[in-house]
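For the sequence shown, our numbering assigns the number 1 to the initial residue and increments by one for each residue that follows. Ideal Cβ positions, reconstructed from N, Cα and C, are used throughout, including at glycine. Reading through the structure tokens given below for one structure.
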Amino acid sequence: MIRKTLTIATLALVAACSKAPEDVTAHYAAAGGRGTITVKAAANGDAKVEAGPQTLIHKGGTDYVVITDGNDKFAASFADFVGATQDIAKAKGMKPQALPQDPEYEAVQVGEEKVGDQKGTIWSVQPKGNPNGDSIRIVVSDDARLKNIAAAISMQTKLTGARMATVFTSVPKAEKVLEDVIAKGAVLRLGEALTLQDVKPGAIPASEFALPTVLDRAALRKRIEDQANKALEAAKAAGDKAGAAPAEGAPAAPAPAAPAATPAAK
1 MIRKTLTIAT LALVAACSKA PEDVTAHYAA AGGRGTITVK AAANGDAKVE
51 AGPQTLIHKG GTDYVVITDG NDKFAASFAD FVGATQDIAK AKGMKPQALP
101 QDPEYEAVQV GEEKVGDQKG TIWSVQPKGN PNGDSIRIVV SDDARLKNIA
151 AAISMQTKLT GARMATVFTS VPKAEKVLED VIAKGAVLRL GEALTLQDVK
201 PGAIPASEFA LPTVLDRAAL RKRIEDQANK ALEAAKAAGD KAGAAPAEGA
251 PAAPAPAAPA ATPAAK
């Protein structure tokens with residue numbers, strides 16, 4: 001009896017260990033295959049999402065946005081990034097607007113699907129009581145081995161929600177339901193916007209999650225405003241140069257060519 005109990009306990013321990021989080025890298029096709037998103041998730045919870053010029057990093061329990069300015073890179077926590085954006089908008093007299101419409105939405109489980117060799121549950125985020133309305137289907141896996149992939153993808157959702165809060169007085173109900181579904185596990189497919197291609201285990205060096213200089217809310221606001229002022233000055237200088245009168249005796253600039261005719265629609 002004791003031997004049988006020990007055997008069962010050992011098998012349970014092995015099963016639990018086999019599903020423990022590990023270092024994994026996932027690749028997603030974005031926008032119907034027009035782009036790629038790479039997610040790197042470490043067993044310790046650190047994660048990185050690279051989507052074109054945008055990089056998000058989760059490190060030490062905090063989410064960061066990495067910003068590139070020419071050859072320079074710096075980072076800010078989500079809270080400071082959103083706060084600085086709100087400060088700049090407020091200084092310009094901009095105020096969050098009320099949503100013109102905000103219908104009720106619900107999440108309905110409608111089946112299962114295998115995406116990128118991973119099995120998941122299909123959820124339909126749809127108008128409440130109207131399955132034929134404007135909806136989006138999300139495939140989510142609750143596999144514990146993908147736990148940190150799930151946390152990484154949720155960073156984008158949280159950032160989107162935070163940005164909406166700077167534009168609107170409330171987050172749309174549809175967005176809240178979407179966030180709840182994404183929180184259920186690792187996203188395998190998000191409508192046509194995101195589709196898992198593969199998940200590969202393998203050690204990820206800690207350097208992948210290293211942060212550049214981190215700016216606080218005030219420093220980030222100043223940096224953004226300085227960038228905007230420089231861009232305005234450069235545009236003004238370019239405009240002044242283009243509008244300068246030609247030197248005496250120099251030929252006048254030729255008139256711009258007429259635009260090409262637009263082909264008729266077929």
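- A Cβ-Cβ contact shorter than 9 Å links Val177 with Tyr105.
- Secondary structure of Glu113 (DSSP, three-state): strand.
- 9 Å or more divides the Cβ of Glu50 from the Cβ of Pro201.
- Residue state for Arg163 is assigned as helix, using DSSP reduced to three classes.
- Counting along the chain, Phe78 sits inside the alpha helix (DSSP H) bounded by residues Phe78 to Ala91.
- Here the alpha carbons of Val139 and Met155 stand approximately 17 Å from one another.
- Here the alpha carbons of Leu190 and Gln118 stand approximately 14 Å from one another.
- Taking a cut-off of 8 Å for Cβ pairs, the stretch 93-111 and the stretch 122-130 touch, as three or more such pairs fall below it.
- Taking the C-beta atoms as reference points, Glu208 is found nearer than 9 Å to Lys40.
- Rounded to the nearest angstrom, the Cβ distance from Pro96 to Phe168 is 6 Å, consistent with a contact under 8 Å.
- Under DSSP, Lys73 forms a beta bridge with Thr68.
- When DSSP states are grouped into helix, strand and coil, Lys176 belongs to the helix group.
- From the listed residues Thr55, Val82 and Ile224, the smallest Cα separation to Ile37 is found for Thr55.
- Non-local C-beta neighbours of Ser77 in its own chain, meaning closer than 6 Å and more than five positions away in sequence, comprise Thr62 and Tyr64, ordered along the chain.
- Taking the Cα of Ser135 as reference, the smallest distance to any Cα among Ala206, Val66 and Glu192 is reached at Glu192.
- Distance from the CA of Gly45 to the CA of Leu196, rounded to the nearest whole angstrom, comes to 20 Å.
- Non-local beta-carbon contacts of Gln86 in its own chain, meaning distances under 7 Å to residues more than five positions away in sequence, involve Thr166 in chain order.
- When DSSP states are grouped into helix, strand and coil, Ala51 belongs to the strand group.
- Within its own chain, the residues whose Cβ lies closer than 7 Å to the Cβ of Val181, once the five positions on either side in sequence are excluded, are Ala107, Trp123, Val125, Ile138 and Val140, listed in chain order.
- Where Arg189 is concerned, the enclosing beta strand (DSSP E) starts and stops at Ala186 to Leu190.
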